[in-house]
Structures are given as structure tokens and as C-alpha cells.
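Reading through the C-alpha cells given below for one structure.
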Amino acid sequence: MDIVTEEIAHFVGLFALTQEEMRDRPIYHRFAYGQADQIDPEDLPRFEASVRDRFDLDPYRPNVLYLPPTYELYPAFSEPPPGPIFPQVAIPELGWNRITGSSTPPTYAFDGPPQISVKIDTVVRLSFGELPPPDQIALLLRQSNLMQDVDIVEFIPGIFDAEDFAAAGSGLPALIGVSDAINPIDQVFLPPSSEAAIAEMIADLVDLVSRIEGFEPAGPSDHAAVFTGDDTVGTFVNGVAAEDGPSLADRLKAMRSSSQEEEDGDRTGVVPGEGRIGTPSTLEVAAGGNTAINEAILVDALLASPLMFVRGDYTSLDIIVQTNVLSDRDHLAEGFSDISAANEAMNVAVRLIEANDPFEGVDRSELALPRSFNVTRLEGNFVNIDWIEQTNRLLDDDWIGVARSGSQTILTTGENRLVNSADVVELGRTFDLIVVLQNVWKANVVHQSNIILDDDQASVANGTAASTHEISGGGNLAWNEASIVHVGETSLAALSPEAEAFVSRIAEGPAAITLEILQDPAFAGLGTLDVLVIEGSYLELDYVVQRNIVSDSDRLRIDEQRGSLGETDLDTGANVAINLAAIIEYGVNQQVQVGGTTYSDSIIYQAGFLDEGVPDLGSDLATEAVLFLADGMVSDIGPDHPDAPEIGPTDGYHDDMLQTMLT
Numbered sequence: 001m002d003i004v005t006e007e008i009a010h011f012v013g014l015f016a017l018t019q020e021e022m023r024d025r026p027i028y029h030r031f032a033y034g035q036a037d038q039i040d041p042e043d044l045p046r047f048e049a050s051v052r053d054r055f056d057l058d059p060y061r062p063n064v065l066y067l068p069p070t071y072e073l074y075p076a077f078s079e080p081p082p083g084p085i086f087p088q089v090a091i092p093e094l095g096w097n098r099i100t101g102s103s104t105p106p107t108y109a110f111d112g113p114p115q116i117s118v119k120i121d122t123v124v125r126l127s128f129g130e131l132p133p134p135d136q137i138a139l140l141l142r143q144s145n146l147m148q149d150v151d152i153v154e155f156i157p158g159i160f161d162a163e164d165f166a167a168a169g170s171g172l173p174a175l176i177g178v179s180d181a182i183n184p185i186d187q188v189f190l191p192p193s194s195e196a197a198i199a200e201m202i203a204d205l206v207d208l209v210s211r212i213e214g215f216e217p218a219g220p221s222d223h224a225a226v227f228t229g230d231d232t233v234g235t236f237v238n239g240v241a242a243e244d245g246p247s248l249a250d251r252l253k254a255m256r257s258s259s260q261e262e263e264d265g266d267r268t269g270v271v272p273g274e275g276r277i278g279t280p281s282t283l284e285v286a287a288g289g290n291t292a293i294n295e296a297i298l299v300d301a302l303l304a305s306p307l308m309f310v311r312g313d314y315t316s317l318d319i320i321v322q323t324n325v326l327s328d329r330d331h332l333a334e335g336f337s338d339i340s341a342a343n344e345a346m347n348v349a350v351r352l353i354e355a356n357d358p359f360e361g362v363d364r365s366e367l368a369l370p371r372s373f374n375v376t377r378l379e380g381n382f383v384n385i386d387w388i389e390q391t392n393r394l395l396d397d398d399w400i401g402v403a404r405s406g407s408q409t410i411l412t413t414g415e416n417r418l419v420n421s422a423d424v425v426e427l428g429r430t431f432d433l434i435v436v437l438q439n440v441w442k443a444n445v446v447h448q449s450n451i452i453l454d455d456d457q458a459s460v461a462n463g464t465a466a467s468t469h470e471i472s473g474g475g476n477l478a479w480n481e482a483s484i485v486h487v488g489e490t491s492l493a494a495l496s497p498e499a500e501a502f503v504s505r506i507a508e509g510p511a512a513i514t515l516e517i518l519q520d521p522a523f524a525g526l527g528t529l530d531v532l533v534i535e536g537s538y539l540e541l542d543y544v545v546q547r548n549i550v551s552d553s554d555r556l557r558i559d560e561q562r563g564s565l566g567e568t569d570l571d572t573g574a575n576v577a578i579n580l581a582a583i584i585e586y587g588v589n590q591q592v593q594v595g596g597t598t599y600s601d602s603i604i605y606q607a608g609f610l611d612e613g614v615p616d617l618g619s620d621l622a623t624e625a626v627l628f629l630a631d632g633m634v635s636d637i638g639p640d641h642p643d644a645p646e647i648g649p650t651d652g653y654h655d656d657m658l659q660t661m662l663t
């Protein structure tokens, strides 16, 4: 078929189809009606659906900006609760249901097949004008790591037969005594066992502040400084006020860079030429490099208000106490060259008060006074206590006796890592006014201490005068960093007559509040006044204790009766002890009017002692470390003492809570 004939055939076919469509049009409706008449109505599925939903309007409430609803959820059922269900979807047979809780109306979720989605409406009751009471929290968190990694390595049997293996860490009790001597906290504080004990403990902390102000260290110290009152706002480093504090990340990065440079410097380049190729003998020993970290972050945003009336007394204080004690008195025999990096002990404290005024830039005298109120009464005391204790005890006193063994020897007996980490965030609500009918007790305390013992000894047996070995026994880092941050300033004043009248009326009950009582200028701009009445006392205590005890007194002996060891890389130091703590109180600028006495104070104490001296390069090997202490500084520490080095199983390897900082 040629192309012309094909086009004509297509045209004829299209014309025929169009003609058939025109013929169907006059009879279509008659055909459709005929089909409908043949269907039995009884065969169709029927169901009744209700599309009505009640929507009740609340009465008009002037000056109400927003009132969050309160939800009342019926208890969960063992079977699906009643409610409107999509009729075409069958509910799968399941076990117990799960209730997903949130601030929005909750829903029930089923573990059904992925292709089935079932949603059941629950009954939620909204109650305006009634605010729920604030949450109360009592947290006691204790984290402790105990590790004993005492390695005894003898390439030649009997190389340490004449030695006392208990002598390596014998100087640790004395070093703990030095730490106690420069620590102003002269009593052991335990978590309060009752609400009354919280107030008693804060009263004891007030007495402690007065003792710290006049404290004189009983032992040796490189620095010991006390800052009190308004002088505690800012950054303080090793007893000196500073504009900016040092960076721990930069310090750790520098330690890694120094280690990497040493490794790169050991690599020899390729020298072309002819000659005999020999295999050099090398020895690498890593007996240090231990790391102990305590990290705690506490964010307290449980309860806040721009205004507080206190009928009784008001007490508030912040305390930061930091101590570092580091001993690195190495005894190196002849034939050793000390290439140690410098030891470092840092105390960094930060206390900040940041303003957070919700009426910033607004003239409150032009704002309207409230004409209605919501009252939430809390019978008894308001309690918010967070007690965090973190302790690391690490004993890595190794005995290493090496001799020539093959062409390359790599020995690692250290590089242990202990980590305690706690991250607590407490979120609550904000009231316009908090009325405390009794007393207010508030305290934030951070107590940090590091103890590092790194008194190493190294000797050579059967060596020659030409034998020299480079050793790094220092480069230890003890770091305390604490911060207390208040978001929202606090101003104290006496209870005004208007406020006193308000407190007296509200103590009798909400019915005693009249419109005249609400005309206090302090209420301007608050809209509907949300009031929390605490019939007891306001008790708030945040207490963080962090302690690191690291003993890395290694004994290294090189025996060259089998020949020279050649190039050596000996590292018995580079231990790191870190305490990081932050307490953040998040709120708004608050005016506190007090009917009784007021006490508000803060104190920062920092002390450190770094005993490294000059490495002893004598030929005789001492059997134990010697600390020069004042009379009465060394006390007998039994196994029940809280600072005694305990020996027990470790909790296992921990992840790096500082992420790549310690990699």
C-alpha cells in the first residue's frame, strides 16, 4: 500500500468511528437507566456516619492573651477503647496498646501491619483557668570508675626479683594528703535525706563560705586564691581574673600535634646509593597516656517567674572549689635523656549573670494592670534537688624490664581511659508571680579535684657508656573547668505594703483576692495573673562533685646484655585528668520581695600544686618516691576513706564523650 492509499484508509476509519459515537448519543441515557433498574438496592453496603462535632464557645474573658489547655486522658485499655473507627478497616488483633504522650492531644498507636493505618480519637477535656502545679525533681546520680592496670613485663626472667612491687604507687596516699591540705571543704557532705535536711545543708554551706573566705592552705601550693561577692562575676584562671579562659580543645590538640611531630621526626627519608642494607633495632614503650574524664552538664529551667513574694527569709549562694595536685618527680639513671614536655595544671572558673527581661524596651507604667487571675496552690514545699557525683580512680603503676628482642618491639601498657558523663536538662513552666509563705533556700555548688602521681624511675643494666635512651616522663595535664550561668538577673527588695497585703489575702484563699489587690504596679503588663502559691518553703539545690585520682608511677629497666636496643621511644607520662562541669539556671529577670532577712553570696576558690622538680639523673635507683611535706600533712588513710585508691573491676571501655577531642 502506497502512502496515498494509507492516508485515505486512515481517514475512512476515523470517519467511521466518529459516526458510531454520534449514533450512541441518542440512546445513551436510555441504556444507563436500564442498567440502574437491574441493580437490587439491598445488595449495596450501608453505614451511618455522623459528621457533626460540637464546638462550644467559652465566655468572653478580657485581657487574656493565651491560656494553655490542660488535658485529661482516660486510662489505657487492654482492648482498643471505644470511639469512631473507619468501618472499612478491620482492627488487627494486638496485645497491649502504647500511649504516646506529648503536649498535644495524645493518640493511640498500634503495632499493625505497615499497610494498615488505624487512628482512634480519644476524649480530651480542656479546663481553662486551672493551671497545673510545677514539676518537682529529686535526682541522685553517682558515677564511679575503678581500674587497676598494674603490668609486670620481664623480657629476662627475674629482672625485678629484688624489687617490691607495692613501692611504685606508695606516694599516692601522701599526695592525697597534699590535696586535702589545700582543700577548704573540711567536711563530707552527703545527699540530704529529707526536705528539712536540704535547708539544713544549705545553712551549713553558708557557714562554709565564711570559712573559705579566711582559709589558709596547710600544705604547699603554687597558687591559692579566693574571690567573693561581686568579684566572682567573670572568668578566673589559676587564681587570676582573666578576660578569656584557655581552651581545652586547643590544649589537647597541641598534645596530639606534639606526639605526631615526634612520630614524623622518627621517619628517615630515602637516600639513593649502593651498600649493605641493615635492619635497625627499635624499641617503643608506651606506659603512660592514661585519661580520666568527668563531665556534667545541668540545665535547670524547671520554674521561673518575673516576680516573687517571700514571707520568710531568702538565702541564695554559688560555690566553686577547684584543686589540682600533680607530682612528676622522675628518677633517671645515667644513659637516659629527658625530652619530656611541660606539665600543666589549670583551674578555670566562669560565673556569668545574663539579663533576660521580657519587658525590655517597654514602659511598664503605660501597660494595663491585670483584672483576673489564676491561682495554683502547692501544699508543702517545692523541691528541686540535683546531686551528681563522679569519681575516677586509675592505678597504672607498671614494671617493665626490656632487652633486645628482634628488630622491632612495640610495648603498650598504658593508654587507659575512664569516662563519666552526665547531661541533665530540666524543663518546666513559668508563672507571673510566685508566693512563698515560708522561706527560700537556693544553692549551686561545684567541687572539683585532680590528683596525678607520675613519679617514674628508669635504669640501665649491663649498658655501655655509649648507650643513650630518650625518655618522656612528663607532659601531664590536670584540668578543672567549672561554670555557673544565671540567665536572668535577680534583684532583692523588702516586701512592699501592697505585696504584704496580697500575700496575706492569698494565704487565706483565692476568694480573698479583690480587684484592689491586683492594682500593684509590679503586676503591670502581666495580663491575667498566673500565681503559684507555695505553702511551705522553696528548696533548690544543685550539687556537683568531680574527682580524678591517677597513679602512673612506672618502673623501667633496660638490660643490654643481649646487645644494644638501638633507637628507643620511651613514654611514661602524658596522663590527662579532666573535670568539666556546668550549671545553667535559665529564667527571666526576677524581682524578689522578702519579708524576712536576705542572704545572697558567691565564692570561688582555686588552688594548685605542681611538684616536678629537676629529674634526678643519678646512677643509683631509688626504691620509692619521696614527697617533702610539712608536719601533720600525711594522715593514715584507711580503705574506708572516700579518697582511698580502691581496686575493683572497671565498668569497661567508654566512648569518647568529647567526641574527636581526645582522638
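In this text, residue positions in the sequence shown follow the UniProt record's numbering: the first is 1, and each later residue adds one. Where is the CB? At the ideal position from N, CA and C, for every residue including glycine.
Which whole-angstrom value is the C-beta distance of residue i and residue j, which I expect to be below 8 Å?
i	j	result
Ser179	Ser553	Their Cβ separation, rounded to whole angstroms, is 16 Å, which puts Ser179 and Ser553 out of contact at 8 Å.
Val550	Ala254	About 20 Å separates the two Cβ atoms, so there is no contact after all.
Leu394	Asn416	6 Å
Thr376	Val533	7 Å
Leu298	Ala482	Not confirmed; about 11 Å, so no contact.
Gly474	Glu612	7 Å
Tyr543	Trp387	5 Å
Is it buried or exposed for residue i, if we count other Cβ within 10 angstroms and need 16 for buried?
i	result
Gln593	buried
Val545	buried
Arg555	buried
Val531	buried
Gly166	Per the sequence shown, the amino acid found at residue 166 is Ala instead of Gly. Ala166 should be labelled exposed.
Ser210	exposed
Thr597	exposed
Ile604	buried
Glu243	exposed
Pro157	exposed
Whose CA, out of the options, lies closest to the CA of residue i?
i	options	result
Asn356	Tyr599, Ala9, Leu17 and Val588	Val588
Asn476	Ser194, Asn343, Asn347 and Leu427	Asn343
Glu540	Asp207, Leu248 and Ser316	Ser316
Ser372	Leu205, Ala524 and Gln561	Ala524
Ala422	Arg142, Pro132 and Gly13	Arg142
Asn294	Asn579, Val325 and Gly596	Asn579
Ser564	Arg256, Thr235 and Val460	Val460
Glu426	Pro134, Ile3 and Phe15	Pro134
Ala607	Pro306, Glu334 and Phe236	Phe236
Ser405	Leu283, Leu529 and Val188	Leu283
Ala577	Leu139, Ile159, Glu213 and Asn347	Asn347
Gly463	Phe336, Ala345, Gly536 and Met308	Phe336
residue 676	Tyr538, Gly595, Tyr586 and Gln561	Since the first and last residues shown for the chain are 1 and 663, residue 676 lies out of range.
Ala403	Ala162, Asn575 and Ile558	Ile558
Does DSSP put residue i in a helix, in a strand, or in coil?
i	result
Glu284	strand
Leu518	coil
Asp161	coil
Ile185	coil
Ser467	coil
Thr597	coil
Ile234	Reading off the sequence, residue 234 comes out as Gly, not Ile. Residue state, collapsed to three classes: strand.
Val487	strand
Ile434	strand
Ala401	It should be pointed out that residue 401 corresponds to Gly in this sequence rather than to Ala. Three-state result, Gly401: strand.
Gly608	strand
Ala9	helix
Leu378	strand
Gly638	Bear in mind that the predicted position of Gly638 carries a pLDDT of just 46, short of 50, making it too unreliable to give a figure here.
residue 722	No answer is possible for residue 722: the residues shown for the chain start at 1 and end at 663.
Between which two residues does the alpha helix (DSSP H) containing residue i stretch?
i	result
Glu195	Glu195 to Glu213
Ala443	Note, Ala443: premise wrong, no alpha helix (DSSP H); beta strand (DSSP E) at Val440 to Leu453.
residue 681	Residue 681 is absent from the model: the chain starts at 1 and stops at 663.
Tell me where the beta strand (DSSP E) around residue i begins and ends.
i	result
Ala333	Premise fails: Ala333 is in no beta strand (DSSP E) and is neither H nor E.
Thr413	Counting along the chain, Thr413 falls outside any beta strand (DSSP E), and DSSP gives it neither H nor E.
Glu426	Arg417 to Thr430
Ile320	Tyr314 to Ser327
Glu295	Thr291 to Ala304
Leu352	Glu344 to Glu354
Asp2	Run containing Asp2: none; DSSP gives neither H nor E here.
Quick check: is any heavy atom of the ligand FMN less than 6 Å from the C-beta of residue i?
i	result
Arg329	As presented, the structure is devoid of all ligands, the ligand FMN included, so that no description of it is given.
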